[in-house]
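Comments concern the structure below.
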């Protein structure tokens, strides 16, 4: 409360054109000092840090206060923009980093800081402290031992993400989530079709949300496991009802792969719908698949278990991660999906020889490893033709069809079959 009063007094004394700043500091690793050397040593460390902060600042222009625990606040009077405070903050953080001798031990701690700076007339004490506290979290999330500057746009995005995270569980219950499906077409007409399930969110206030807006939030909060289970159950149920009998591809996040119940969930969904295992494909991004394979988990990799049971495993967005191509043959994958960025390069007036070379190499490697190849982002007939010549098995993109509802899939597949010819029953993977 004393600090809040000090900030309010600073605001009252500021002139109409004055700007001011506030930095919220937190010591990194202070708990370790308390746990190893004791609380008395921790108290001496805090006193030393407070003395260093005072020595590094100008008492005529700055106010240093301890918030409690290992948190400190520095108020800056009459600033001339946030950049004017950067050298001061860097000096403060450097002072904190200097070793401290405690009970014969040389102890080094660092500090993270959140900085907010604005016109005095546009600020309130509570709002300044809140903004600086938020920015301190950004600094710690970025790696600690540094400072971050408050940004209104970033804060708005963070607030939006937080609201989505809170609304996600109820969205599944209230029917706000729904699926659309995009066909994946055999370029040569020699294989049966399949479709990819794509989740959508019709938010009651924000309208239709793109997956890029809420899937990362679901992954961060862990809600992706429940959301993924819902998508899986709905997708296999829809696929089982389609008379044309296409396979369905469902995206799987790395947190789902780490979830010990994934295999059980997949088997339960297949059993409940009656869909054969061979008509389900699980898509996982290249980097996530590598992470899943490299983790030391008890028991076999769940993706390998499902591949052994006839379920397709597709490496999604290939070319955007960090795969070692030599490892590709050892992954439990039955299909490889080339990222749309390579396909887009084929659409230039002058063909991109590098993109063609990459696609050709991936096709050769995938086929040698027993995998089919799908090109994502196919938007023109010319791209489809070039991909066919390069040996790509499947194409997916707006050239064939935009994502459509489950009810529209039979008609779309019938139209595509009339254009490309019916797929032979040669299997998908």
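Residue numbers (the working numbering): 36 to 464. No residue lacks a Cβ here, since even glycine has one placed at the ideal position from N, Cα and C.
*At which residues does the alpha helix (DSSP H) containing residue 210 begin and terminate?*
Working through the chain shown from its first residue, we reach residue 210 at position 175. First-last for residue 210: undefined, no H or E at that position.
*For the alpha helix (DSSP H) holding residue 289, just list the boundary residues, first then last.*
Locating residue 289 in the chain shown gives position 254, counting from the first residue. For residue 289, the enclosing alpha helix (DSSP H) covers residues 289–293.
*Beta-carbon contacts of residue 77 that lie in its chain and below 6 Å, excluding the five residues immediately before and after*: As a first step, residue 77 is located in the chain shown; it is residue number 42 there, counting from the start. Here the set comprises 68 and 69.
*Any idea if residue 208 is buried or exposed, counting beta-carbon neighbours within 10 angstroms, 16 or more meaning buried?*
Within the chain shown, the letter at position 173 stands for residue 208. Exposed, because fewer than 16 other Cβ atoms sit within 10 Å of the Cβ of residue 208.
*What three-state label does DSSP hand residue 452 in the structure shown?*
Position 417 of the chain shown, counted from the start, is the residue given in the question as residue 452. Secondary structure of residue 452 (DSSP, three-state): helix.
*Which residues does DSSP pair with residue 182 in a beta bridge?*
Working through the chain shown from its first residue, we reach residue 182 at position 147. Residue 182 is bridged to 148.
*How would you call residue 39, buried or exposed, if buried means at least 16 neighbouring beta carbons within 10 angstroms?*
As a working note, residue 39 is residue 4 in the chain shown. Exposed: under 16 other Cβ atoms inside 10 Å.
*Specify, as a first and last residue, the run of the alpha helix (DSSP H) that residue 265 falls within.*
Stepping through the chain shown from its first residue, residue 265 is reached at position 230. In the DSSP assignment, residue 265 falls within the unbroken alpha helix (DSSP H) covering 259–276.
*Quick check: the segment 156–176 against the segment 49–68, are there 3 or more CB pairs under 8 Å?*
yes
*Keeping to the same chain, check which residues put their C-beta closer than 7 Å to that of residue 441; ignore five residues upstream and five downstream.*
In the chain shown, counting from the first residue as 1, residue 441 sits at position 406. Excluding sequence neighbours, residue 441 sits near 214, 216 and 273.
*Of the residues 150, 403, 194 and 71, the one placed nearest residue 122, counting alpha carbons only*: Against the chain shown, residue 122 aligns to sequence position 87. Nearest C-alpha to residue 122: 150.
*Flag this pair as touching only if the segment 401–408 and the segment 364–376 have three or more C-beta atom pairs under 8 Å; answer yes or no.*
yes
*The alpha helix (DSSP H) spanning residue 434 covers which residue range?*
Start at 1 with the first residue of the chain shown, and residue 434 comes out as number 399. No alpha helix (DSSP H) contains residue 434, which DSSP labels as neither H nor E.
*Measure the beta-carbon distance from residue 368 to residue 349 and round it to whole angstroms, keeping in mind my assumption that it falls under 8 Å.*
Taking the chain shown and counting its residues from 1, the one referred to as residue 368 is at position 333. Taking the chain shown and counting its residues from 1, the one referred to as residue 349 is at position 314. That pair is a contact at about 7 Å.
*Which term fits residue 427, buried or exposed, when burial requires 16 or more other beta carbons within 10 angstroms of its beta carbon?*
If you number the chain shown from 1, residue 427 lands on position 392. By the 10 Å Cβ count, residue 427 comes out buried.
*asked:* For a quick check, are the C-beta atoms of residue 88 and residue 109 less than 9 Å apart?
replied: Locating residue 88 in the chain shown gives position 53, counting from the first residue. Locating residue 109 in the chain shown gives position 74, counting from the first residue. For residue 88 and residue 109, yes; Cβs fall inside 9 Å.
*Take residue 28 as the anchor and find which of 449, 413 and 439 has the nearest alpha-carbon.*
In this structure the chain extends from 36 to 464, so residue 28 is not present and cannot be described.
*Of the listed residues 85, 275, 199 and 280, nearest to residue 107 (C-alpha basis)*: Residue mapping note: residue 107 aligns to position 72 of the chain shown, counting from 1. It is 85 whose Cα lies nearest to the Cα of residue 107.
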